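Asks: In this note's numbering, the protein residues as written are 783 to 1034.
From the three backbone atoms N, C-alpha and C, an ideal C-beta is built for every residue, glycine too.
A quick note: this is a predicted structure, and the numbers were derived from the prediction, not measured.
1) Compute the beta-carbon to beta-carbon distance between residue 818 and residue 791, rounded to the nearest angstrom, for a pair I have assumed lies under 8 angstroms.
2) Going by C-alpha distance, which of 836, 811 and 851 is nearest residue 797?
3) Only counting runs of 4 or more residues, tell me where the alpha helix (DSSP H) segments fall wholly within the region 859-940, in order along the chain.
4) From residue 929 to residue 965, what does the alpha carbon distance come to, in whole angstroms?
5) Determine the extent of the alpha helix (DSSP H) in which residue 832 is found, giving its start and end residues.
6) Quick check on residue 947: does DSSP put it in helix, strand or coil?
7) Along the chain, where does the alpha helix (DSSP H) that runs through residue 820 open and close?
8) Rounding to the nearest angstrom, what Cα-Cα distance links residue 888 and residue 879 in this structure?
9) When we look at the beta-carbon of residue 912 and count the other beta-carbons within 10 Å, is it buried (16 or more) or exposed?
10) Would the beta-carbon of residue 978 fall within 7 angstroms of that of residue 870?
11) Given that a residue counts as buried once 16 or more other Cβ atoms are within 10 Å of its Cβ, and exposed if not, what is residue 812?
12) Between which residues of its own chain and residue 839 is the CB-CB distance below 6 angstroms, once the five residues before and five after are set aside?
13) Which same chain residues, not among the five before or five after residue 946, have their C-beta less than 7 angstroms away from its C-beta?
14) Does DSSP classify residue 809 as helix, strand or coil?
15) Where residue 923 and residue 917 are concerned, what is the direct C-alpha to C-alpha distance, given to the nearest angstrom?
16) Could you tell me which of 970, 980, 982 and 983 sits nearest to residue 872, measuring between CA atoms?
17) Using 7 angstroms as the threshold, is the C-beta distance between residue 810 and residue 895 below it?
18) How many Å lie between residue 784 and residue 794 at the Cα?
19) So residue 806 packs on residue 821, CB below 8 angstroms; how close in whole Å?
20) Spatial neighbours of residue 859 within its chain, please: C-beta separation below 7 angstroms, excluding the five flanking residues on both sides.
21) When burial is assigned at 16 or more other CB atoms within 10 Å of the CB, is residue 841 buried or exposed?
22) DSSP three-state label for residue 835, please.
23) Confirm, please, whether the CB-CB distance from residue 934 to residue 909 is below 7 angstroms.
24) Give me the Cα-Cα distance between residue 826 and residue 893, rounded to the nearest whole angstrom.
25) Using a Cβ-Cβ cut-off of 8 angstroms (strictly less than) and excluding sequence neighbours within five positions of residue 942, which residues of its own chain qualify?
Next comes the structure, spelled out in structure tokens:
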């Protein structure tokens, strides 16, 4: 990176920092490009040089804010010494810690526009991380009861919503009598992990060549409802054969 590029990057980052602070404090609607430029100590024209619209600035501000979290989640999801559930637990634990830290640093009520945008980003990040884990080495040799996309959506969106619950997260942040901060966080993570095990079900070891994570692959012990349907269908066919045989005998 040249000296000029370094200066450009520094100016843009300074504007993003100011934008982040104002969006969090005042919300999207009350934050103007001029306010951001004034807070960053630059001309409003420079702000428009980097960002054509406020929408673009808001989106890039969210990208800037979540960048370190996304990097850390990728590192956690790529660990080689953890199994499937170990990776999920690490990611859930990291998410809870970051939410707790955020609420501690921003104790006031966020504007709903910003709160909703942050919530959506957290859920998207969790879903993508779970997808990476289920498609990664930790899932080698494991067949899941759900298609990987459905499992990722349930774990990322469903459990992400659990972790983001206002009361649960505030409880983890503030603690209570007889309960430490770490203990409350741990309880929340373990609740999410119990739900994760129920969603994913017990894993069955199969050869790698057997279309791992392929929802069309049948395992009789995992699909009792389907087996019962087949048995019922077979019984109907058998009854039909008996009726035909009886009619043939009567005709004779």
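Replies: According to the structure data:
1) Taking the chain shown and counting its residues from 1, the one referred to as residue 818 is at position 36. Taking the chain shown and counting its residues from 1, the one referred to as residue 791 is at position 9. About 17 angstroms separates the two Cβ atoms, so there is no contact after all.
2) Here residue 797 refers to the residue found at position 15 when the chain shown is read from its first residue. It is 836.
3) 866-887, 894-916 and 930-935
4) On the chain shown, residue 929 is found 147 positions in, with the first residue counted as 1. On the chain shown, residue 965 is found 183 positions in, with the first residue counted as 1. About 34 angstroms.
5) Residue mapping note: residue 832 aligns to position 50 of the chain shown, counting from 1. Per DSSP, residue 832 belongs to the alpha helix (DSSP H) from 826-832.
6) The residue you call residue 947 lines up with position 165 of the chain shown. Coil, per DSSP.
7) Counted from its first residue, the chain shown places residue 820 at position 38. Where residue 820 is concerned, the enclosing alpha helix (DSSP H) stretches over 815-822.
8) The sequence position of residue 888 within the chain shown is 106, counting from 1. The sequence position of residue 879 within the chain shown is 97, counting from 1. Rounded to whole angstroms, residue 888 to residue 879 spans 14 angstroms at the Cα level.
9) Counting from one through the chain shown, the residue named residue 912 turns up at place 130. Looking at its Cβ environment, which holds 16 or more other Cβ atoms inside 10 Å, residue 912 is buried.
10) As a position in the chain shown, residue 978 is number 196, starting the count at 1. As a position in the chain shown, residue 870 is number 88, starting the count at 1. Result yes, Cβ atoms of residue 978 and residue 870 sit closer than 7 angstroms.
11) By 1-based counting over the chain shown, the position of residue 812 is 30. Exposed, by the Cβ-count rule.
12) To locate residue 839, count along the chain shown from 1; it is residue 57. Taken in chain order, the residues that qualify are 801 and 833.
13) What you label residue 946 is simply residue 164 of the chain shown in a count that begins at 1. Contacts found: 881, 901 and 904.
14) Looking up residue 809 in the chain shown gives position 27. The answer is coil: DSSP assigns residue 809 none of H, G, I, E or B.
15) For the purposes of this step, residue 923 is taken as the residue at position 141 of the chain shown. For the purposes of this step, residue 917 is taken as the residue at position 135 of the chain shown. Distance between the alpha carbons of residue 923 and residue 917 is about 11 angstroms.
16) Here the question's residue 872 lines up with position 90 in the chain shown. Answer by Cα proximity: 970.
17) On the chain shown, residue 810 is found 28 positions in, with the first residue counted as 1. On the chain shown, residue 895 is found 113 positions in, with the first residue counted as 1. Yes; because the gap between Cβ atoms is below 7 angstroms, this pair is in contact.
18) Working through the chain shown from its first residue, we reach residue 784 at position 2. Working through the chain shown from its first residue, we reach residue 794 at position 12. Rounded to whole angstroms, residue 784 to residue 794 spans 15 angstroms at the Cα level.
19) Mapped onto the chain shown, residue 806 falls at position 24. Mapped onto the chain shown, residue 821 falls at position 39. Contact flag wrong, Cβ pair sits at about 12 angstroms.
20) Looking up residue 859 in the chain shown gives position 77. The residues are 869, 873, 911, 914, 915 and 918.
21) Within the chain shown, the letter at position 59 stands for residue 841. Classification of residue 841: exposed, given that the 10 Å Cβ count is below 16.
22) As a working note, residue 835 is residue 53 in the chain shown. In this structure, residue 835 counts as coil in the three-state DSSP scheme.
23) Within the chain shown, the letter at position 127 stands for residue 909. Within the chain shown, the letter at position 152 stands for residue 934. Going by C-beta atoms, residue 909 is nearer than 7 angstroms to residue 934.
24) Counted from its first residue, the chain shown places residue 826 at position 44. Counted from its first residue, the chain shown places residue 893 at position 111. Approximately 24 angstroms, taken between the alpha carbons.
25) Residue mapping note: residue 942 aligns to position 160 of the chain shown, counting from 1. Excluding positions up to five away in sequence, the list reads 877, 904, 905, 908 and 909.
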